[in-house]
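**Q** Supplied in structure tokens, the structure appears directly below.
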Amino acid sequence: LFFLSLWLMLVAVRLFTRQAERSQSLLVQKLIPVGLLALSWLLAGYVMFADEYYFGLELLRPVFLWLILRQAYQSWRQRLVRVALAWAPYLALMAGFLYWRLVIFVSPRGQLQLFEDLASQPLRALLNLAVKITGDLLQSSLGAWLQTLDLRNLLTLPIGLALAVLLLSLLAFGLTYFFFKGLPFEEMPAGQPEADQRQSWSTQAVLVGFFALLIGGWPFWVTDLPIDLYFPWDRFNLAMMFGASLALAGLVAWRRPKALRRVTARQSALILALLAGLATSFHIYNANLYRQEWAAQRDFFWQLAWRAPQIKPGTLLLTSKLPFRYYSDNSLTAPLNLIYAPENRTRQLDYLLYSLGARLGSRLPELKPGIPVNQPYRIVSYEGSTDAVLVFFYDPPRCLKVINPLTDQLLPGKPDGISEAAPLSRLDRIRSSPEPLILPVELFGSEPEHGWCYYYQKAELASKNGDWAEAARLADLALALPGELSRLKAAELLPFIEAYLRTGQWETARLLTRSATAKNTKLAESLCPLWYTVRDSGLGDGSAYTQAIEQLHCNFP
């Protein structure tokens with residue numbers, strides 16, 4: 001919308017200029033540029049207040065106005081007046097926005113840190129600003145392209161996908177080269193004044209491109225927000241792309257001094273083709289990362305739905321870390337509420353997801369009962385406490401694990417922070433439901449095929465409800481699946497072992513216990529209390545119990 005606004009302004013100014021050269025124009029013809037200018041102005045205002053990213057690029061308007069008016073007004077004074085008149089409405093809009101942003105409105109966006117730094121330590125602040133600007137300009141232009149040369153990205157892909165990426169990159173290279181090789185890169189448009197012919201369009205592109213880079217980053221430099229090439233800070237490069245692209249296009253076809261051999265159209269096309277091929281490879285690599293992330297996110301929410309078909313409103317879901325690169329706890333809170341509270345139309349969130357690494361010590365002061373938790377998210381908010389917590393972790397290829405504070409303290413392989421948070425976990429926050437929870441198909445697609453994690457989650461839910469016969473039935477289905485269980489997933493045999501014990505299948509439980517500890521000897525710390533608790537309840541086979549205790553090397557009597 002920003003660039004549409006810029007384009008509409010330039011079209012309107014050109015129409016005004018052409019009408020001024022004619023003696024007469026129809027009223028409708030006169031109204032067209034007025035309407036285009038009005039639409040351009042409204043779009044500019046919308047973009048400013050909706051998204052500050054492009055505010056710095058507003059300073060491109062007088063530059064482009066100066067360039068397109070040079071033929072109509074040879075006198076620089078006349079041109080300057082026309083530029084000022086055309087730019088005035090947008091300049092007034094910028095002033096109004098700045099007054100709103102700095103004086104009237106306390107924005108949830110980045111705070112204006114630069115002015116405080118200049119007031120306290122001006123020389124140091126200016127030096128740091130100069131270093132930051134230089135680094136960001138190099139990163140947004142040169143650094144972004146250096147990423148495409150990192151061939152290690154391809155090594156992380158399956159061989160078939162890596163070959164497909166290479167083939168598509170070669171295709172992009174070939175198509176770009178054959179399209180551009182015949183274009184007149186260095187020839188000037190006909191009819192330009194002799195004075196203007198001294199500089200080609202490529203020189204203008206380079207200069208305007210670098211100017212766009214210099215002004216594009218100010219919304220982030222004044223708020224001390226990092227411009228980076230990695231998520232989540234890579235989004236700020238959106239304001240830098242225009243300048244980097246324009247400067248690059250100009251450099252590819254730049255007219256060198258006569259003493260140097262000029263770049264031919266064929267050579268320029270070759271450079272563009274190489275860049276297109278590298279960009280294609282890098283974009284497909286990134287797209288695959290997002291595809292993998294989306295598959296993991298779908299798996300995460302489906303497993304949560306299987307394990308917890310209903311969760312009491314007001315629940316805080318706590319975890320240690322999530323295997324997501326592009327999603328954090330705050331962004332995952334949205335689908336969590338869409339799944340479990342689809343009818344909620346209030347500004348009060350029913351559920352909140354917190355990552356301990358990001359929130360403990362700030363929004364979550366400590367891991368103790370009775371601590372209030374208040375989290376505003378723009379126009380909505382969550383209010384709860386640590387008395388209504390569900391602790392879990394999700395660490396593929398392991399299945400999602402909801403923590404039972406009574407039995408999972410000795411569970412091996414828990415991520416950092418889960419042991420400390422485990423006592424807060426309240427399994428009574430999970431409600432049973434006669435109907436399975438089906439995720440919105442338009443968002444998550446159809447339910448995945450039922451595999452190991454499905455039977456594991458359903459067995460955990462049945463165990464929580466005391467339905468040991470159902471848990472044992474699910475264990476039979478899970479153990480009948482092909483494939484061998486890895487060491488990482490051996491702990492997922494625990495609910496199946498308990499189900500067999502509770503249903504009197506002691507020998508099956510003993511053999512499964514031996515299989516689990518053969519994969520991971522640390523599971524004995526969890527299995528010994530389980531066997532002892534079940535035997536102490538008056539159930540069981542004394543012979544199987546004795547053999548299991550001996551093989552686990554338990555210290556219980």
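Note that my numbering numbers the sequence shown so that position 102 is 102, with each residue one more than the last.
Using N, Cα and C, we set each Cβ at its ideal position, and we do this for glycine too.
Can you tell me where the alpha helix (DSSP H) holding residue 140 begins and where it ends?
**A** Neither: residue 140 is in no alpha helix (DSSP H) and is coded neither H nor E.
**Q** Please state whether the Cβ-Cβ distance between residue 410 and residue 328 is less than 8 Å.
**A** no
**Q** Under a three-way DSSP split, which group does residue 520 fall into?
**A** In the three-state DSSP reduction, residue 520 falls in the coil class, being neither helix nor strand.
**Q** Quick check on residue 531: buried or exposed, where buried means 16 or more other Cβ atoms within 10 Å of its Cβ?
**A** buried
**Q** I need the boundaries of the alpha helix (DSSP H) containing residue 282, first residue and last residue.
**A** 265-307
**Q** Express the C-alpha separation of residue 248 and residue 11 in angstroms, rounding to a whole number.
**A** 25 Å
**Q** What residue range does the alpha helix (DSSP H) around residue 204 cover?
**A** 201-216
**Q** If you measure between the beta carbons of residue 491 and residue 523, is that distance less than 8 Å?
**A** yes
**Q** Once DSSP output is grouped into helix, strand and coil, what is the label at residue 73?
**A** coil
**Q** I'd like the span of the alpha helix (DSSP H) that includes residue 333, first residue to last.
**A** 329-340
**Q** Give the straight-line distance between the Cα atoms of residue 128 and residue 114, rounded to the nearest whole angstrom.
**A** 10 Å
**Q** Buried or exposed: residue 182, going by 16 or more other Cβ atoms within 10 Å of its Cβ?
**A** exposed
**Q** Between which two residues does the beta strand (DSSP E) carrying residue 385 extend?
**A** 380-385
**Q** Would you kindly check if the distance between the Cβ of residue 244 and the Cβ of residue 57 is under 8 Å?
**A** no
**Q** Tell me the rounded alpha-carbon separation between residue 432 and residue 280.
**A** 48 Å
**Q** Distance check for residue 294 and residue 401, CA to CA, integer angstroms please.
**A** 20 Å
**Q** Expressed to the nearest angstrom, what Euclidean distance is found between the alpha-carbon atoms of residue 546 and residue 529?
**A** 14 Å
**Q** So, is residue 374 buried or exposed, given that buried needs 16 or more other C-beta atoms within 10 angstroms?
**A** exposed
**Q** Could you tell me the alpha carbon to alpha carbon distance between residue 44 and residue 54, rounded to whole angstroms?
**A** For residue 44 and residue 54, the distance between alpha carbons rounds to 10 Å.
**Q** Under the assumption that residue 474 contacts residue 464 (Cβ atoms under 8 Å), give the Cβ distance between them as a whole number of angstroms.
**A** Actually they are not in contact, since the Cβ atoms of residue 474 and residue 464 sit about 13 Å apart, beyond 8 Å.
**Q** Return the chain-ordered list of same chain residues with a C-beta closer than 6 Å to the C-beta of residue 5, the five sequence neighbours on each side being excluded.
**A** Within the same chain, residue 5 has close Cβ partners 40, 43 and 44.
**Q** Indicate whether residue 339 and residue 388 have their beta-carbon atoms separated by less than 8 Å.
**A** no
**Q** Who pairs with residue 374 in a beta bridge, going by DSSP?
**A** Listed as beta-bridge partners of residue 374 by DSSP are 383.
**Q** Provide the residue(s) that pair with residue 393 in DSSP beta bridges, ordered along the chain.
**A** 401
**Q** Spatial neighbours of residue 282 within its chain, please: CB distance less than 8 Å, with the 5 preceding and 5 following residues excluded, ordered by chain position.
**A** 147, 148 and 153
**Q** Please return the same chain residues whose Cβ sits closer than 6 Å to the Cβ of residue 335, not counting the five positions on each side in sequence.
**A** none
**Q** Can you give the Cα-Cα distance for residue 213 and residue 83, rounded to whole angstroms?
**A** 22 Å
**Q** Using CA atoms only, rank isn't needed, just tell me which of 355, 368 and 348 is closest to residue 379.
**A** 348
**Q** Touching or not, the segment 500-514 and the segment 481-489, by the rule of three or more beta carbon pairs under 8 Å?
**A** no
**Q** So what does DSSP say about residue 326, is it helix, strand or coil?
**A** coil
**Q** In whole angstroms, give me the CA-to-CA distance for residue 246 and residue 253.
**A** 11 Å
**Q** Among 229, 495 and 301, which has the Cα closest to the Cα of residue 333?
**A** 301
**Q** By a C-beta neighbour count over all protein chains shown, 10 Å radius and 16 as the cutoff for buried, is residue 290 buried or exposed?
**A** Taking every protein chain shown into account, the CB of residue 290 has fewer than 16 other CB atoms within 10 angstroms, so this residue is exposed.
**Q** Does the segment 307-319 touch the segment 440-451, meaning 3 or more C-beta pairs lie closer than 8 Å?
**A** no
**Q** Which residues mark the beginning and the end of the beta strand (DSSP E) in which residue 317 is found?
**A** 315-319
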